[in-house]
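Protein chains in written order, with this note's numbering: chain B, 18 to 356; chain C, 9 to 364.
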Amino acid sequence: MTDTSIDMEPFHLQFPFTRTLGSTLSTFFSALAEGQIIGVRIGDRVVAPPMEYDPETGADAGSEWVKVGPKGTVSTWTWVSEPTRLHPLQEPFAFAFITLDGADTPMIHAVKATEDQLAAGLRVEAQFKSGDEVNGRIDDLVFVPASDPSPSEGAGEPYEAPAEPEVQTMDAYCDLVYVDNFAPATREWADALMNARLFGRRCPKCNRMVIGANPMCSVDGVLLGDGEVVELQGTGVVSNFTIVTPTPYPGQKETEPFVRCSIMIDGADAVIGQQEIIGIPASEVRVGMRVAIEWAPEGERNVDDLGNGNHGATAGAVRGWRPTGEPDEPAENYVERMM
Amino acid sequence: MPRTENDIAIVGFAQSPMLRRSEHTEAEMMLPTVQGAIKMAGLNKEDIGFTVSGSCDYLSGRAFSFVANVDAYGAWPPISESHVEMDGAWALYEAFVHLLLGHVDTALAAGVGKNSNSDPTTLYTIEVDPYYLTPLGADPWSLAALQYRALLDAGKVTERDVAEVVARNLANAKDNINAQVSADLSVDEILAQPYVRNPLRKSDLPPVTDGCAAVVLARGKKAYDLCERPVWITGIDHRVEPHLPTLRRDLTVSESTRLAAEGAGVHNGPIDVAEIYAPFSFQELIIRESLGLSDDTVVNASGGAQGANPVMVTGLLRIIEAAKAIMEGGKNRALAHATSGPCLQQNLVCILEGDE
């Protein structure tokens with residue numbers, strides 16, 4: 018069983034996406050993939066890496082490309098003694114503002130060096146990845162102290178961009194880790210589910226009863242405490258339903274069309290959502306149908322997927338709701354019910 | 009100067025406990041705070057003409073937290089509501105502008121941040137330029153440290169100056185009942201702390217804080233109806249700079265702060281107290297200079313962001329602290345500052361005044 022007295026398991030928010038680059042960035046990253054860093058001339062300055070617009074006026078920056086680097090000069094720096102997992106180097110390194118030869122604005126990048134080498138004025142040079150490691154991304158290179166501090170050859174010269182730059186997109190992967198904790202109301206709800214119990218809280222102001230891991234009346238803006246708790250029976254009425262045709266996505270376990278219902282539990286005024294109906298085909302589910310809860314057997318019962326604020330309202334504690342065979346309630350009684 | 013129906017004042021405020029980890033969700037933190045601010049103004053939820061909050065779902069990692077947070081308002085019958093993915097100080101700016109339209113005479117602005125769920129050194133890499141900075145894992149500590157180094161190299165401050173800022177703020181926080189962190193630390197003790205990003209020390213970092221704050225505004229005569237000593241917002245302005253710190257001409261000044269301060273009318277009279285949102289201690293010195301404050305102004309009597317830093321709330325807390333100095337502390341003119349984005353990218357300045 019999940020121990021709800023402690024923090025939840027770390028949650029990994031991960032999603033891949035592909036960014037389109039547009040003409041300026043695709044020109045820059047295509048040049049980078051071939052070992053050439055470029056900037057763009059905007060007014061009296063060469064901005065590198067290039068921007069699509071003049072950062073000071075917002076005007077179109079145009080496409081007067083200029084070769085910059087591969088050497089440059091550090092203007093400010095910091096020492097990262099303990100890199101994060103997202104940093105480009107997994108050993109102590111520096112982040113620095115580096116003004117590349119031929120450029121007037123600095124770029125932020127990583128410098129692989131020792132801490133005592135870092136100082137404003139340090140000459141550095143780009144060290145490019147090669148072969149399969151080249152992605153046409155900003156992390157295709159890191160900087161290292163320049164072996165020869167003399168000016169870069171060709172820096173400041175015009176760069177002829179290909180008509181159709183090769184790198185048109187950038188793959189990115191968002192990867193964040195969260196550790197949430199069980200809110201008190203979630204813990205109480207989890208404990209109830211594990212004991213095959215349902216409860217609601219009655220708002221002292223409007224007399225409505227909300228259900229689940231939700232300690233507030235969202236109509237009145239009132240916090241509901243233990244004094245407002247009311248035990249509920251595991252019977253209710255289907256107030257709404259949808260038939261879901263599953264599409265494959267990470268975490269989707271269903272393969273055939275299935276039904277998900279909102280259930281108005283007898284005595285409550287707020288429905289419990291995302292409930293499963295068992296014992297009948299999806300096509301026979303109706304609004305107004307009376308149903309009774311079927312708990313997962315002790316031992317199998319869990320609240321592993323329960324989240325705060327009523328996410329995963331009955332989680333792994335309930336098998337589903339089984340039609341009782343009693344006559345339906347009038348469907349029109351279930352319009353305009355709280356979600 | 010007599011107040012008119014175009015003058016807008018703070019008439020109520022509240023804040024939640026500031027905690028390293030609240031066991032509550034954002035909505036649960038918000039409800040007592042929002043309703044507390046409304047109660048302080050002597051109002052009921054039905055009396056609020058416009059409601060706006062600032063928060064960011066990426067902090068808690070719960071999608072649509074900002075929608076769930078509407079439950080805290082008791083939004084039935086439906087209310088006029090808005091949301092900014094910014095500090096609550098910018099929510100207050102929107103509420104202020106909304107009141108200027110003249111359609112309603114009360115508004116509520118709130119900020120909420122459940123920061124404890126996430127790790128700032130990785131989370132904020134998705135806030136920076138997605139092409140040039142996110143793939144490098146450029147984190148706020150590193151970006152701040154680059155600014156700090158530039159400030160040192162320019163000869164404008166020393167590490168000892170910055171350690172004095174830390175020592176003063178942590179000591180001031182002892183007198184702030186709402187502070188999460190406070191301490192008696194000597195400058196030498198601070199200077200002996202290790203760097204997390206040379207020259208940035210652990211003591212220069214703000215704490216990680218869960219919290220919420222809310223402010224009720226009222227317009228013209230309504231403000232006098234609700235509050236014995238309304239805190240008038242006589243000027244408020246905010247400015248933003250290019251998102252890439254490398255495109256700013258000089259990292260050691262805050263041009264957006266200077267312009268916002270000018271726009272808010274900072275120089276129209278002496279400033280008794282100033283509340284500055286400096287996420288990293290050394291930034292207080294940059295902001296202070298850019299605001300053009302005199303040595304007579306008391307800065308961050310609350311301890312500032314070093315006492316508590318609920319991201320999405322800290323700027324609004326500065327406004328509340330400055331308002332308290334007028335409403336409860338007998339001061340006449342106060343300044344509140346809020347910031348957002350890497351290396352002080354965006355800055356808001358608010359001038360508050362009591363009646364003579």
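Here a beta-carbon is modelled for each residue, glycine too, at the ideal position from N, C-alpha and C. Please read these numbers as outputs of a predicted model, since none were measured by experiment.
Beta-carbon proximity list for residue i, same chain, < 6 Å, skipping 5 on both sides
| i | result |
| --- | --- |
| residue 2 (chain C) | Examination of residue 2 (chain C) is not possible in this model, given that chain C is present from 9 through 364 alone. |
| residue 344 (chain C) | 283, 326, 327, 330, 358 |
Proximity test, residue i beta-carbon vs the ligand PLP heavy atom, cut-off 8 Å
| i | result |
| --- | --- |
| residue 247 (chain C) | Among the components of this structure there are no ligands whatsoever, and the ligand PLP is therefore not found. |
Rounded separation between residue i and residue j - CA only
| i | j | result |
| --- | --- | --- |
| residue 313 (chain B) | residue 269 (chain B) | 21 Å |
| residue 240 (chain B) | residue 36 (chain C) | 8 Å |
| residue 182 (chain B) | residue 142 (chain C) | 22 Å |
| residue 292 (chain B) | residue 253 (chain C) | 50 Å |
| residue 347 (chain C) | residue 268 (chain C) | 11 Å |
| residue 118 (chain C) | residue 92 (chain B) | 40 Å |
| residue 10 (chain B) | residue 174 (chain C) | There is simply no residue 10 (chain B) to check, as chain B begins at 18 and stops at 356 in what is shown. |
| residue 84 (chain B) | residue 131 (chain B) | 28 Å |
| residue 63 (chain B) | residue 236 (chain B) | 57 Å |
| residue 116 (chain C) | residue 278 (chain C) | 29 Å |
| residue 361 (chain C) | residue 244 (chain C) | 12 Å |
| residue 29 (chain B) | residue 43 (chain B) | 31 Å |
| residue 299 (chain C) | residue 274 (chain C) | 8 Å |
| residue 100 (chain C) | residue 30 (chain C) | 24 Å |
| residue 245 (chain B) | residue 316 (chain B) | 30 Å |
Sequence-distant residues of the same chain with beta carbon closer than 7 Å to residue i, five excluded per side
| i | result |
| --- | --- |
| residue 311 (chain C) | 177, 178, 180, 181, 184, 187, 190 |
| residue 330 (chain B) | 229, 289, 290, 291 |
| residue 89 (chain B) | 115, 116, 117, 118, 141 |
Minimum Cβ-Cβ distance from residue i to chain C less than 9 Å
| i | result |
| --- | --- |
| residue 87 (chain B) | no |
| residue 18 (chain B) | Any answer about residue 18 (chain B) is weak, because its pLDDT of 46 lies below 50 and its placement is not dependable; what the coordinates show is given next. Cβ-Cβ to chain C under 9 Å: no for residue 18 (chain B). |
| residue 266 (chain B) | no |
| residue 160 (chain B) | no |
| residue 338 (chain B) | no |
| residue 278 (chain B) | no |
| residue 233 (chain B) | yes |
| residue 80 (chain B) | no |
| residue 341 (chain B) | no |
| residue 218 (chain B) | no |
| residue 90 (chain B) | no |
| residue 98 (chain B) | yes |
| residue 325 (chain B) | yes |
| residue 3 (chain B) | Chain B is shown from 18 up to 356; residue 3 (chain B) falls before or after that span and cannot be answered. |
| residue 182 (chain B) | no |
First and last residue of the uninterrupted beta strand (DSSP E) at residue i
| i | result |
| --- | --- |
| residue 252 (chain B) | 252-261 |
| residue 40 (chain C) | Run containing residue 40 (chain C): none in the beta strand (DSSP E); it sits in the alpha helix (DSSP H), 34-48. |
| residue 325 (chain B) | Note, residue 325 (chain B): premise wrong, no beta strand (DSSP E); not H, not E. |
| residue 121 (chain C) | 114-122 |
| residue 111 (chain B) | 110-117 |
| residue 357 (chain C) | 354-361 |
| residue 89 (chain C) | 89-92 |
| residue 84 (chain C) | Here residue 84 (chain C) belongs to no beta strand (DSSP E), and DSSP marks it neither H nor E. |
Min CB distance residue i to chain B below 9 Å
| i | result |
| --- | --- |
| residue 294 (chain C) | no |
| residue 141 (chain C) | yes |
| residue 145 (chain C) | yes |
| residue 287 (chain C) | no |
| residue 155 (chain C) | yes |
| residue 206 (chain C) | yes |
| residue 25 (chain C) | no |
| residue 264 (chain C) | no |
Contacts around residue i, its chain only, beta-carbon distance under 8 Å, and the 5 residues preceding and following it disregarded
| i | result |
| --- | --- |
| residue 189 (chain B) | 33, 34, 35, 36 |
| residue 103 (chain B) | 192 |
| residue 76 (chain C) | 33, 34, 35, 70 |
Endpoints, alpha helix (DSSP H) assigned at residue i
| i | result |
| --- | --- |
| residue 28 (chain B) | Counting along the chain, residue 28 (chain B) falls outside any alpha helix (DSSP H), though it belongs to the beta strand (DSSP E) covering 28-37. |
| residue 336 (chain B) | Residue 336 (chain B) -> not in any alpha helix (DSSP H); beta strand (DSSP E) instead, spanning 335-340. |
| residue 233 (chain C) | 229-234 |
Pairs of beta-carbons, one from the region 210-219 of chain B and one from the region 52-62 of chain C, closer than 8 Å: are there three or more? no
Pairing CB atoms from the region 64-77 of chain C with CB atoms from the region 179-198 of chain B, are three or more of them under 8 Å? yes
Taking 8 Å as the cut-off, does the region 90-105 of chain B touch the region 146-158 of chain C (at least 3 CB pairs, one atom from each stretch)? yes
For the 8 Å Cβ check, are there 3 or more pairs between the region 318-328 of chain B and the region 277-286 of chain B? no
For the region 120-131 of chain C against the region 218-231 of chain C, are there 3 or more C-beta pairs whose distance is under 8 Å? yes
Are the region 93-109 of chain C and the region 200-211 of chain C touching by the rule of at least three beta carbon pairs closer than 8 Å? no
Stretch pair the region 282-297 of chain C + the region 154-173 of chain C: three plus CB contacts closer than 8 Å: yes
At least 3 beta-carbon pairs within less than 8 Å: the region 127-135 of chain C vs the region 113-122 of chain B: no
Cβ contact check for the region 73-89 of chain B and the region 49-61 of chain B: 3 or more pairs under 8 Å: yes
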